[in-house]
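Just so we're aligned, residue -4 is where the sequence shown starts under this note's numbering, counting upward by one.
Glycine included, C-beta positions come from ideal geometry on N, C-alpha and C.
Treat the numbers as computed from the prediction; the structure is a model and nothing was measured.
First up is the structure itself, then whatever we jot down about it.
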Amino acid sequence: MKTISQDKIKQLLKNDYKYLNTIYPNDRIFGVFTYGLVNYGFAKNESDIKVKMYYLPTFEEMCTSLELKDEELFYNGHTINIKDIRLILDNILNQEETAMECFFSKNYIVTPKFKKVFEENILAKREEIFHCNPRLRVQDYMARAFLSLELYQKTLNPEYLFDACRRRLATDLYLSGATVEECLTLKKDYHINYLWSIKNGIAMPNIEEVEQDLQRMVNMADGAEVHPEQEELVKSCIVEIMKIALTKTINKNEFLSALTDTEKSALKVIMQHLIDGEGAVSITQLTNETNISRPVFKSVLQKLKDMEIAEINNMGVKGTYINIIDGAFLDIDHFID
């Protein structure tokens, strides 16, 4: 079955991101992510591609507005959901399906400022944070499967039967020990062919057997172990994201204009001693390696800290620990002659 190409999906996402930048300031956009059928490999046209943009409120909005942005717009033949990033915590703790799909999507664009915090707090920990309550996740998934099955019996629309059977397969894999990622992206050809045959109205599984299987998995989920300690991990991940979101926005040119030529040279040396914007440096060692004085290096570090581009911690004899918290500045040394 012919599906929409990966290149077309990526181009559509780029167009969405560009369009959203005409509506929202860049530092209000955490990122855009696909979800739904396109993530499962069953998107045949652009209307099957759903996109979610996570919106970052300003400090003023956080203090004065109780409303959390959650709206939809239609653009270029498909739906874009605009969701306040503060809803992520509740979404993850409730194992909300579309949030999970977004953060396991291979189709996404994260605004550079948030790239590092996304990779460290979502990408690297997504299996853990979406496994904090297997019981709730399976129960919710099965409730949606039963609803789809009910709608199919009323309408005979194969799309509803397809949805119920896809959830049945994914949940069976999950309860058998598969990772969340493996459940979202079915790899076996016979699973994929089976679902396509249902989606196209060719195959007709026994509805009674499907219902019994769904109920069996609900019963299995009742005994699933819950991990309340993972809630703290989820909360810490969101706190790190919001920390970056609330830092004032400074572009590279603005920051570089605040440095003297010697300080720019010192910054280039510092960045070249970090790995992905993080690490410990010895100012004594840096001064010995260059003709740049200690006060110049200290001045650069202070400006990085004052402008909230980096966290700076003096570790005494172990040196100074630097963590670039604004991802847009990770490659700033390339902008220095």
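Asked                                                                                                        : Found
Within 8 Å, strictly: CB atoms of T138 and A159                                                              : For clarity, residue 138 is Ala in the given sequence; the question names Thr instead. No, the Cβ-Cβ distance between A138 and A159 is not below 8 Å.
C-beta atoms of L84 and I77 nearer than 8 Å                                                                  : no
Cβ contact check for the stretch 200 to 213 and the stretch 141 to 153: 3 or more pairs under 8 Å            : yes
Residue span of the alpha helix (DSSP H) that contains K13, given as start and end                           : 1 to 15
Opposing strand residues paired with I18 [DSSP bridges]                                                      : Answer is none; I18 lacks a bridge partner.
Own chain, CB closer than 7 Å to Y316, minus 5 neighbours either side, in chain order                        : A275, N308, M310
Cβ pair F98, I236 closer than 8 Å                                                                            : no
Touching by the beta-carbon criterion (3+ pairs, under 8 Å), the stretch 32 to 39 and the stretch 172 to 187 : yes
CB of L269 within 8 Å of CB of K111, strictly                                                                : no
Option in K5, P20, T29, D43 with minimal Cα separation from E154                                             : D43
8 Å Cβ cutoff met for F25 and Y103                                                                           : no
Three-state secondary structure assigned by DSSP to G322                                                     : helix
Cβ separation of C232 and N116, assumed to be a contact under 8 Å, to the nearest whole Å                    : 4 Å
Element boundaries [beta strand (DSSP E), containing V46]                                                    : 45 to 50
Outcome for F292 when other beta-carbon atoms lying within 10 angstroms are tallied against a minimum of 16  : buried
C-alpha distance - M302 paired with D321, whole-angstrom precision                                           : 10 Å
Span of the alpha helix (DSSP H), counted from its first residue to its last, around H73                     : Not the alpha helix (DSSP H): H73 falls in the beta strand (DSSP E), residues 73 to 79.
Which of helix, strand or coil DSSP assigns to E220                                                          : coil
Cβ neighbour criterion (16 or more within 10 Å) applied to S288                                              : exposed
For F28, three-class secondary structure by DSSP                                                             : strand
Supposed contact pair S100 and Y30 - C-beta distance, whole angstroms, cut 8 Å                               : 6 Å
Bridge-paired residues (DSSP) for D158                                                                       : Paired residue(s): none; D158 is not in a bridge.
Element boundaries [alpha helix (DSSP H), containing A94]                                                    : 92 to 98
Backbone CA spacing between L51 and R81 [nearest angstrom]                                                   : 8 Å
Same chain only: Cβ atoms within 7 Å of I239, ignoring 5 sequence neighbours per side                        : K108, F109, V112, I320, D321
Three-way DSSP call (helix, strand, coil) for D167 in this model                                             : helix
Beta-carbon proximity check, N10 vs N71, cutoff 8 Å                                                          : yes
Helix, strand or coil at N337 [DSSP, three-state]                                                            : Any question about residue 337 goes unanswered here, given that the chain covers just -4 to 332.
Contact set for R132: own chain, Cβ-Cβ below 7 Å, skip 5 residues either direction                           : Q90
Where L68 falls: helix, strand or coil (DSSP)                                                                : strand
Sufficient close CB pairs (3 or more, under 8 Å) joining the stretch 121 to 128 to the stretch 219 to 233    : yes
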